[in-house]
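Numbering (my numbering), first residue to last: 5 to 572.
Where a beta carbon is used, it is the ideal one built from N, C-alpha and C, also for glycine.
Nothing here was measured: the structure is a model prediction, and the numbers come from that model.
Take a look at the structure below.
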Amino acid sequence: MKQVVVNLLQKALEELGVKLKKEEIEKVIETPPSSDMGDYAFPCFFLASKLKSEPQQIALELRAKIKKFPMTDFDDIQTSGAYVNFILDRKNMARKIVWEAITQKKNFGKSKIGAGRRTMVEFPSPNTNKPLHLGHLRNMSIGESISKLLEFNGVKVIRANLYNDRGTHICKSMLAYQKWGRDKTPASKKIKSDHFVGDFYVMFNKNLKKNKKLEDDAQAMLMKWEEGDKRVLLLWKLMTNWAINGFNETYKKFGIKHDVTFFESKLYEKGRTLVEEGLKNKLFVKSKKGDVKINLEGEGLGEKILLRSDGTSLYIVQDLALAKIKFEKYKLNESYYVVGSEHDYHFKTLFSILDKLGFKNKGLKHLSYGMVNLPEGKMKGREGTVVDADDLIEKVQELVKKELISRAKLSKRELEKRSLVISLAAIKYFLLKIDIKKDMLFNPKASINFEGDTGPYILYSYARASSILRKAGVQGKFNIGEMEPKELELVKKLSQFPDVALRAYNSLNPSLIANYSFQLAKLFNEFYHACPVIGSENESFRLALVEAFRRVLGNSLNLLGIETLEEM
RNA sequence: GCCCCUAUAGUUCAGUUGGAUAGAACACAGGUUUGCGGAACCUGAAACCAAGGUUCAAAUCCUUGUGGGGGCGCCA
Numbered sequence: 005m006k007q008v009v010v011n012l013l014q015k016a017l018e019e020l021g022v023k024l025k026k027e028e029i030e031k032v033i034e035t036p037p038s039s040d041m042g043d044y045a046f047p048c049f050f051l052a053s054k055l056k057s058e059p060q061q062i063a064l065e066l067r068a069k070i071k072k073f074p075m076t077d078f079d080d081i082q083t084s085g086a087y088v089n090f091i092l093d094r095k096n097m098a099r100k101i102v103w104e105a106i107t108q109k110k111n112f113g114k115s116k117i118g119a120g121r122r123t124m125v126e127f128p129s130p131n132t133n134k135p136l137h138l139g140h141l142r143n144m145s146i147g148e149s150i151s152k153l154l155e156f157n158g159v160k161v162i163r164a165n166l167y168n169d170r171g172t173h174i175c176k177s178m179l180a181y182q183k184w185g186r187d188k189t190p191a192s193k194k195i196k197s198d199h200f201v202g203d204f205y206v207m208f209n210k211n212l213k214k215n216k217k218l219e220d221d222a223q224a225m226l227m228k229w230e231e232g233d234k235r236v237l238l239l240w241k242l243m244t245n246w247a248i249n250g251f252n253e254t255y256k257k258f259g260i261k262h263d264v265t266f267f268e269s270k271l272y273e274k275g276r277t278l279v280e281e282g283l284k285n286k287l288f289v290k291s292k293k294g295d296v297k298i299n300l301e302g303e304g305l306g307e308k309i310l311l312r313s314d315g316t317s318l319y320i321v322q323d324l325a326l327a328k329i330k331f332e333k334y335k336l337n338e339s340y341y342v343v344g345s346e347h348d349y350h351f352k353t354l355f356s357i358l359d360k361l362g363f364k365n366k367g368l369k370h371l372s373y374g375m376v377n378l379p380e381g382k383m384k385g386r387e388g389t390v391v392d393a394d395d396l397i398e399k400v401q402e403l404v405k406k407e408l409i410s411r412a413k414l415s416k417r418e419l420e421k422r423s424l425v426i427s428l429a430a431i432k433y434f435l436l437k438i439d440i441k442k443d444m445l446f447n448p449k450a451s452i453n454f455e456g457d458t459g460p461y462i463l464y465s466y467a468r469a470s471s472i473l474r475k476a477g478v479q480g481k482f483n484i485g486e487m488e489p490k491e492l493e494l495v496k497k498l499s500q501f502p503d504v505a506l507r508a509y510n511s512l513n514p515s516l517i518a519n520y521s522f523q524l525a526k527l528f529n530e531f532y533h534a535c536p537v538i539g540s541e542n543e544s545f546r547l548a549l550v551e552a553f554r555r556v557l558g559n560s561l562n563l564l565g566i567e568t569l570e571e572m
């Protein structure tokens, strides 16, 4: 519908002597602050200097020109100051949007703008020495939602995960296990296996306070690991598998699945050829001590060391290698890294070095998201102020169960299923509604609230729509009579979905979808309070509207990685 | 010390990328029972960190200051 407005404006502007491209016109079109003013607005301020006239005057002339064209889609075109406001034929619009939503179903709102592209999205890439925490939940929510957004716009997505399974942090857990964990296994302790590993990491840090020598022991163990010491490798394999098996349970519960998995342990020496290449091109320099570094002062990034003086490589070298492997093996157009903003500097240097190595315009992007803070401040692993991912999910699920039990009798299985869907909706929505790049506060009390701007509230409105449709039975065609204001508002909100999905795709920001979902759910609740559906004069249209709403909200939630429920 | 990010009701967040009257939610005060599920709906009070600048137009862009967060290892 916007395109019709654009076309009309382009023709009228040309008659006034201004040639503008469609995209230029589309860009300035906005939505008026209130819907009585119109559905689309065109501000004329920027034309004032070109036409050497008052913006108000231009608006009037523009309106006069447009009025002369034959039109079917509009009730009226008005001006208000320097704005030309287009008022759509509401019945026509409602018919169109509702019909499209109902018939296009899952495809409603999709675009093909990304067709033919292949993009890798890497998340959450944890360390294998301790279980996932709240930050990883934000990471996974964002990673999955962005993957869905890309797919919704035609992109072929490859979901990847990189395990940071090598280094001193791993050796710390291993050392603690060697010292104090003899013969115990996750099964014998009846504990989730990644938590089992994490407990030893905590144990290491506790004992480190009493015995500083442990730090050296961990370093010594890393040396043995690098030398290929069989005993150390055996233990490493055992514990890494425990960690990963535990993660896999969490991924499954959280609803994410990877297509590719990378391991730092297999990659960390693969960047050598790249380093040698850089040395040949004099991009990198070897100092007298033997370490290899690159000067990035020009970019304001300082000096970066790539190889230690003993010849072993640093973390960034494997990221260099991995970037290349990704593009060569998977024929990518883009590669996105979902990693917290604390690593902004790392990615700046990484991309800068790759650029210098001739790896230009490869669509590498750091999807940097803000830190998750607690009311008490930052989460600190060693001080035990971390919110554990599994614990959080379990805790929220328990609260949902209590709520469900107080409402209806459910079978155990149904209780489990519903409570999981609702609690994941609560957590994911809470984490996704905030602008990806901003730090956020995770208030445990607010996160278990199920009223207002929350996942459960949105799921509830979906379930109510389903309930109405269930009661009414199957419907076919519909007729539109006079529309109530709430019906119109709901229709307009539905019509915005394709635009919102596209904007979220362009800005790679799921929070737009989250906020839209809430606004849509809220309008629906207002609508069904104001307008009876079943048995009303406009039953056929209202039912269709409810169905369209249900469809669009379902599509919207799907983009957030949130499942829906027919009953709550 | 240097670099990056950030600042909107009591609190947590929006604000269509520079446009018309800055929107919600929570909390607070009050209300909606005989209609499709009250995890709902309605009413009320409450905000752009400060000072300059650019512009027809600034919460949005620039400068400075102040507050908050992060990064500056031959760690990952």
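Distances from the alpha-carbon of K54 to those of L20, R99, G367 and N131 put L20 closest. The alpha carbon of W103 has as its nearest neighbour, out of F553, I566, G565 and E571, the alpha carbon of F553. Residue ranges of uninterrupted beta strand (DSSP E) with 3 or more members, entirely inside the region 70-139 and ordered along the chain, are 78-84, 87-92 and 122-126. When C-beta atoms of the region 129-145 are compared with those of the region 518-534, fewer than three pairs fall below 8 Å, so the two segments do not count as touching. If you compare the alpha carbons of P448, E30 and S291 with that of D314, the shortest gap goes to S291. The beta carbon of W246 sits closer than 7 Å to those of P190, S197, D198, F200 and V201, all from its chain and outside the five residues before and after it, given in chain order.
Counting the other CB atoms within 10 Å of its CB gives I117 a total below 16, which places it among the exposed residues.
Partner residues in the beta bridge of V343, as assigned by DSSP, are S372.
Contact check for Y464 against M375 fails: the beta carbons are separated by 9 Å or more.
For T265, no alpha helix (DSSP H) segment is defined; the enclosing uninterrupted segment is the beta strand (DSSP E) at V264 to F267.
Taking L13 as the centre and dropping the five residues before and after it, the same chain places the C-beta of I29 and F46 closer than 7 Å to its C-beta, in chain order. The straight-line gap separating the alpha-carbon atoms of D93 and S471 is approximately 31 Å.
Taking 4 residues as the shortest admissible run, the region 138-194 contains the following complete alpha helix (DSSP H) segments, listed from N- to C-terminal end: 138-156, 172-184 and 190-193.
By the beta-carbon neighbour count (other beta carbons within 10 angstroms, threshold 16), L445 is exposed. Between L305 and S339, the C-beta spacing is not below 9 Å. By the C-beta density criterion, A412 is exposed, having fewer than 16 other C-beta atoms within 10 angstroms. Secondary structure of M444 (DSSP, three-state): strand. Within its own chain, the residues whose Cβ lies closer than 8 Å to the Cβ of T353, once the five positions on either side in sequence are excluded, are L300, L305, K308 and I320, listed in chain order. Assignment of L396 by DSSP, reduced to helix, strand and coil, places it in the helix class. As for any alpha helix (DSSP H) of minimum length 4 sitting wholly inside the region 427-472, the runs are 448-451, ordered along the chain.
In this structure, L141 places its C-beta atom within 9 Å of the C-beta atom of L396. Taking C-beta separations shorter than 6 Å and ignoring five residues to either side along the sequence, the partners of L51 in its chain run I62, following chain order. Annotation: I33 is outside any beta strand (DSSP E) and is labelled neither H nor E by DSSP. S145 and G565 do touch by the CB rule: their CB atoms are close to 7 Å apart, below 8 Å. Distance between G344 and L371, taken at the CA atoms: about 8 Å. The C-beta of A450 has fewer than 16 other C-beta atoms within 10 Å across all chains shown, which makes the residue exposed. Nearest to E303 by C-alpha distance, out of Y349, T316 and H262, is Y349. Here N510 is exposed, its C-beta having fewer than 16 other C-beta atoms within 10 Å. Here DSSP, grouped into helix, strand and coil, assigns V391 to coil. Closest in C-alpha terms to M225, from the list E332, Y272, I248 and L179, comes L179. In the three-state scheme derived from DSSP, where H, G and I count as helix and E and B as strand, I309 is classed as strand.
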